[in-house]
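Going by the numbering used here, the final residue of the sequence shown carries number 168, and the count climbs one at a time with no gaps.
Just so it is clear, CB atoms sit at the ideal spot from N, CA and C, and this is done for glycine as well.
Data block below; observations after.
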Amino acid sequence: MAKSIATIGGIALAPGVSANGRLYTREAIAKMVTRGQARIKAGTQPLTMLSHHGAGDDSLRIAGQLSSLSLDGDGAARFTAGIADNDAGRNIAALLDTSDGKPAYLRNVSIRGAWASDPHEVKGPDGKTVTTASDLELAGLDYTKDPGVALAAIDAFT
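What follows is the structure, encoded as structure tokens:
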């Protein structure tokens with residue numbers, strides 16, 4: 011991994027219905043984590059962290075990269091990541107830094123990915139129609155102030 015100025019960790023994705031009406035199941039998250047672990051181990055195509063979803067293909071907005079993925083007992087995807095030593099990384103680190111004991115200015119993340127199997131509609135837990143699939147592909151993880159999955163958040167900064 012390239013030079014990091016900080017390390018973070020947290021939940022990338024948790025089972026449940028997102029704000030945009032997608033149902034993420036334990037099964038789909040587990041498959042996503044397994045493929046993500048293989049990708050991290052291979053080291054040939056980093057799972058990047060962009061400053062925000064709108065950064066698109068702007069390489070100068072890469073703020074870091076995932077260094078590990080795991081599945082916790084609740085079926086959530088946990089991650090660790092290094093923050094890049096570049097302008098985007100320094101700006102994000104300043105927003106995440108809790109070393110002074112004060113709350114971070116930014117704490118949420120959002121996956122960048124796509125269904126890896128045919129999506130279909132089902133009734134969600136509240137009876138509303140949601141979209142789901144049995145498999146999910148992770149392309150990266152981006153910072154956001156408005157998370158689609160409330161539990162997708164950074165809980166460690168070093």
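What does a CB cutoff of less than 7 Å around residue i pick up in its chain, not counting 5 residues either side in sequence?
| i | result |
| --- | --- |
| G99 | I15, A73, G74 and I93 |
| P135 | V27 |
| G31 | V140 and T141 |
If you check the beta carbons only, do residue i and residue j fall under 8 Å apart?
| i | j | result |
| --- | --- | --- |
| L76 | L151 | yes |
| D145 | A126 | yes |
| T17 | T108 | no |
| G83 | R36 | no |
| H63 | R122 | yes |
| T142 | P129 | yes |
| I21 | A87 | yes |
Check the DSSP bridge columns for residue i and list the partner residues they point to.
| i | result |
| --- | --- |
| I18 | A91 and F167 |
| E147 | A124 |
| N118 | T154 and A163 |
| L60 | I72 and D152 |
| S78 | T90 |
| L106 | Partner(s): none; L106 has no beta bridge. |
| E131 | T141 |
Given a threshold of 16 other Cβ atoms within 10 Å of its Cβ, counted over all protein chains shown, does residue i qualify as buried or as exposed?
| i | result |
| --- | --- |
| L23 | buried |
| Y115 | exposed |
| K41 | buried |
| S120 | buried |
What residues in its chain sit with their C-beta under 6 Å from that of residue i, if we drop five residues either side in the sequence?
| i | result |
| --- | --- |
| R117 | A163 and I164 |
Apart from the five residues on each side of it in sequence, which residues of its chain come closer than 8 Å, Cβ to Cβ, to residue i?
| i | result |
| --- | --- |
| K133 | T139 and V140 |
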